[in-house]
Amino acid sequence: MELSLVLLLVFFNSVTTQSLSSHSEHSALFQLRSSLGIKAKFWPRKSDPCSSWVGIQCQNGRVTGINLSELERTRVSQLSPQFAVDSLSSFSFLESFNSTGFKLPGSIPEWFGFNLSSLEVLDLRFSSIVGSIPQSFGSMYRLSYLRLSGNSFTGNIPVSLGQLSALLVIDLSDNLLTGTIPFGLPSLNNISKIDLSSNFLSGPIPPGFGSFLGLEFLNLSNNSLTGSIPAQLGNLSKLVELDLGFNFLSGSLPGSFEGLVSLRKLVIANNELDGWLPGNLFVNLTQLQYVVLSRNHFDGILPRFSMSNRQLRHFDVSGNNFTGHLMNLTAIFDVHDVFFNFSSNRLYGNLTSSFGKFGLLDLSNNYLQGAAPNDSGSNIIISGNCFLSLPGQRSSEDCKMFYSHRGLYFNDIIGVHPVGSSLHGTPKRKHRLTYVLVGVFGGLGFIILLVLVLVVLLKICGKRNIEQRGTANVSPAPEGGTIEPPKASFAFCPGESFTYKQMLQATNDFSDTNLIKHGHSGDLFRGTLEGGFPVVIKRVDVRSFPKESYTLELEFFNKFSHTRLIPLLGYFLEQEDEKFFVYKYMPNGDLSKCLYRPIGLKDASIQSLDWITRLKIAIGAAEGLSYLHHECNPPLVHRNIKATSILLDDKYEVRLGSLSEVRAQGGENHQNMITRLLRIPQSGEQGASGTCTSSACDVYCFGKVLLELVTGKHGISETDDASTKEWLEHNLPYISIYEKDQVAKIIDPSLIIDDDLLEEVWAVAIVAKSCLNPKASRRPLMRHILRALENPFKVVREEHFSSARTTSSRRSWSATFFGSWRHSSSGSGQTNRDVITALKQSGRVGSQSSGMHESSSSRKRFSSEIFPEPIDLQDIERQDYNHR
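Letter by letter, the sequence shown follows residues -17 to -1, 1 to 867 of mature numbering (1 follows the signal peptide of the UniProt record, and there is no 0).
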């Protein structure tokens, strides 16, 4: 009896706690339902909010948590969403408010912090919020988690946030914040994570950060921070991840960093740091898994490594001035599945005859000599060194000069050709390659011979086509052929030959005030020639960059020209150690600097490009890439497409820069066939210099540029790291050809657009998503992308024609774009997709299945002007979409 009574009381208590008892809170929830336009299926009117409403948490009959992240608005409310949450002030017991991914455009009012002082969790990530962070947030004294990333907050970080002594996590990343970091944020004694990355913060790193002894995560990357790294950061013995990359930090790395004994990830890439690394840095930091110190000015001998550090998985110190004999480093190589990148330094000496096992070792662009390693179990990249027996190495003169300056002996005897090591940057897998070579050696030889015959035949046919069409330079190439590059009117390279004195005068002796940035192929300086003509001068230190990097660029400008490529005005090549290139000055800089620009002396506000200009930029960049991919012979790959390589003149006309990495595809189709036979992995997505090998990779990188234009998300085209991938995974689902309103959730809130412009933005987002297909072979060609951007309404608008069955020109586009993603969908649509693939392989592309009427011939001609004739996928796509 007593047990039954207890159970009854427990049941009664559970029922009462799940029912909303406060009349004022009940009324406030319905006000919130109305102001936000929540669909009735999520918040039904005739049910108790605590027990039936999605995202509502209650305790003791009062609302303690509101989560909007899984909710949807009605179609009407999606047209004019706002930060309409005034009724939140009625919830005096509210502990958590989460709107991740739920669009709340507008600014946060000051009352928010004062009236919600009981909040412990405030999560407003990716909510399209603009304006400044209210000072009143400092009144939320119980706040433990403050996450505001992925919005468009402007202005300074409020000093009042330093009063939040209970704060554990503060994430203000991916916004437009300016000014300096508040000194120390003094009261954050319990803080464990600080993420201020991808903003426009300037000034030094506060030394007060070193007092947060419980800090485990610190990310200040992708800002404009200056000064030295505070030595006090070395006190953070619990710090697990430190990312200070892509700033303007200078000075040396503090010796106190040896005290970061818990550190697993260290990223300080792309700064201006110099000096030697602390001697015991890698001896004490035995937990390190990921190290990136590339693109700084570190020099001296690399410090010793700990033999007990078996956690290491990625180590990149490329693009510095490290020197020394490589024999000092061989102890670290016996680590499984590790990527080591020592490229573009000054390492010298002979390689050991045997290495341990690791994922990849990049020793390119150093001064290693002698016999190349004979080790079939290693994946080694050794191009750009002094192995005279191999192709793609430094000249004998460069190597002799380097060794003689250091009083070292240079062995110019031709060494042994390596077995199993990668000479051109493509690692091979030991076991697979061995089995294939043993099993199909004869067949492979026959295939190679057949490929050579096909290449010769294709060249003969191509020449005949060229003779029939002429040699136009800028106009689009006809379908199915290539255009011969324009004949050079100079013997060596285009432009004027300058003198070293002119280079010095133009740049004020290459002063720091004239320095634009440290580029991936040399330092860029502003310059002014005689007569006041502005230019950009690139200084290439041939000791730090391989000789072929500038000779190939000269060869490119010698053979190819286009209005969408940055003009090379001249050069100076007489210096032994330095080469100089003179380019036309672009008044508006690059897209990364131009998408948002500070206004006013204090940089308190931000101005963004309007949509018309953004679309103009997208089309201009697509024209340049289309020229490289389809009008050059052989087809070329840019390999470094991102916002910083898209340069803009005074009228926002595009000129593609960063052309030093352009390479020929070199018979891509045949190479891909051989690659598939050997099962050698290809790089389909990477955009980093040197890893992009096909036009599909350029398309992938261009897709991220398009998304940056659509969403205003700063920096997503610059990297392919985990945070970028997470952002893409979160936002790409909002892009659908059947849901225009969904894309409004990710559009840059600073854009002012009407309904027609919204359709343009929607169309460009669709094109961007098609470019980001995980499977390289299913990404659209650049000439198709260009046509889509030039005719965006044809991507999304249905046009009816006189046929027995309603048809749409959009089917042509969806077959090219959306048909390429369907492989990633799940569900019953897979069978239909397999049928489509079979139809394509059988040559029935464009025909409709039995029982369907053919479209009119005029309609077919219209579609073929845009894309090759497609298969009808619209019904299948709709089924897949409804199934999801």
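From the three backbone atoms N, C-alpha and C, an ideal C-beta is built for every residue, glycine too.
Bear in mind that the values here come from a model prediction, so they are computed numbers and not experimental data.
Cβ shell of residue i (< 6 Å), same chain only, five flanking positions each side left out
i: Ile49; result: Phe80
i: Ser72; result: Asn98
i: Asn139; result: Gly162
i: Ser760; result: none
i: Phe25; result: Val37 and Leu54
i: Lys470; result: With a pLDDT of only 33 at Lys470, under 50, the local geometry of the prediction cannot be trusted, and the value read off the model is given with reservation. Excluding positions up to five away in sequence, the list is empty.
i: Asn253; result: Gly228, Phe229 and Arg278
i: Gly89; result: Gln65 and Phe66
i: Ser111; result: Lys86, Pro88 and Pro732
i: Pro757; result: none
i: Ser700; result: Lys625, Ala626, Lys687, Val688 and Glu691
i: Pro517; result: Thr511 and Tyr568
i: Glu224; result: Phe200 and Lys248
i: Ala751; result: Gly686, Leu689 and Leu690
i: Val152; result: Tyr128 and Lys176
i: Asn333; result: Gly353
i: Arg580; result: Gln590
CB contact check: residue i to chain D, cutoff 9 Å
i: Phe281; result: Reference to chain D is not applicable here, since this structure consists of a single protein chain.
Neighbourhood of residue i by C-beta, 7 Å cutoff - its chain only, sequence neighbours within 5 removed
i: residue 878; result: Within the shown structure, residues of the chain are numbered from -17 to 867, placing residue 878 beyond reach of any answer.
i: Glu462; result: Only weak support is given to the placement of Glu462: the predicted model assigns it a pLDDT of 34, under 50, and the value that follows is read from those uncertain coordinates. Here the set comprises nothing.
i: Glu773; result: Ile602
i: Ser2; result: Asp31, Cys33, Ser34 and Gly44
i: Ala11; result: Ser70, Ser73 and Phe74
i: Pro27; result: Ser35
Where the alpha helix (DSSP H) containing residue i begins and where it ends
i: Val693; result: Ser678 to Thr694
i: Ser379; result: Ser379 to His388
i: Lys723; result: Lys723 to Val726
i: Phe13; result: His6 to Leu19
i: Ile768; result: Met765 to Glu773
i: Thr47; result: Counting along the chain, Thr47 falls outside any alpha helix (DSSP H), though it belongs to the beta strand (DSSP E) covering Arg45 to Asn50.
i: Phe265; result: Leu264 to Asn267
i: Cys577; result: Leu574 to Cys577
i: Gly96; result: Trp94 to Asn98
Short Cβ contact (9 Å threshold) for residue i with residue j
i: Asp154; j: Leu129; result: yes
i: Val565; j: Ala604; result: no
i: Val778; j: Ile749; result: yes
i: Ser135; j: Gly695; result: yes
i: Phe322; j: Phe305; result: no
i: Leu246; j: Leu268; result: yes
i: Gly698; j: Leu631; result: no
i: Ala746; j: Ala705; result: no
i: Leu608; j: Phe540; result: no
i: Val645; j: Leu535; result: yes
i: Cys382; j: Leu371; result: yes
i: Asn362; j: Leu346; result: no
i: Pro775; j: Glu722; result: no
Residue i - containing beta strand (DSSP E), residue span
i: Val518; result: Phe516 to Asp524
i: Lys500; result: Leu498 to His501
i: Val104; result: Val104 to Asp106
Same chain, Cβ closer than 8 Å to residue i, five either side skipped, listed in chain order
i: Asp560; result: Asp524, Val525 and Arg526
i: Ser235; result: Ser211, Leu256, Asp257, Gly258 and Trp259
i: Asp282; result: Asp257, Gly258, Trp259, Asn303, Asn304, Phe305 and Thr306
Supposed close pair residue i, residue j - CB separation, criterion 8 Å
i: Ile188; j: Leu203; result: 6 Å
i: Phe685; j: Cys615; result: With 8 Å as the limit, Phe685 and Cys615 do not qualify as a contact, their Cβ atoms being about 17 Å apart.
i: Ile600; j: Ile629; result: 7 Å
i: Ser220; j: Ser185; result: Not really, about 29 Å apart at Cβ, beyond 8 Å.
i: Leu147; j: Gly121; result: 7 Å
i: Lys562; j: Tyr533; result: 5 Å
i: Glu199; j: Leu232; result: With 8 Å as the limit, Glu199 and Leu232 do not qualify as a contact, their Cβ atoms being about 21 Å apart.
i: Arg762; j: Cys754; result: 6 Å
i: Gln328; j: Ser301; result: In the sequence as presented, Gln is not what sits at residue 328; that position holds Asn. Indeed they touch by this definition, with Cβ atoms about 7 Å apart.
i: residue 894; j: Pro213; result: Residue 894 is absent from the structure shown; the chain starts at -17 and stops at 867.
Do the region 172 to 180 and the region 720 to 738 make contact, defined as three or more Cβ pairs closer than 8 Å?
-> No, they do not touch.
Within the chosen definition, does the region 12 to 21 reach the region 54 to 64 through at least 3 CB pairs nearer than 8 Å?
-> At 8 Å Cβ cutoff, the stretches touch.
Any contact of the region 700 to 715 with the region 593 to 612, i.e. 3+ C-beta pairs under 8 Å?
-> Judged by Cβ distances under 8 Å, the region 700 to 715 makes no contact with the region 593 to 612, as fewer than three pairs qualify.
Would you call the region 485 to 492 and the region 510 to 520 touching, i.e. three or more CB-CB distances under 8 Å?
-> Yes, since at least three Cβ pairs between the region 485 to 492 and the region 510 to 520 fall closer than 8 Å, the two stretches touch.
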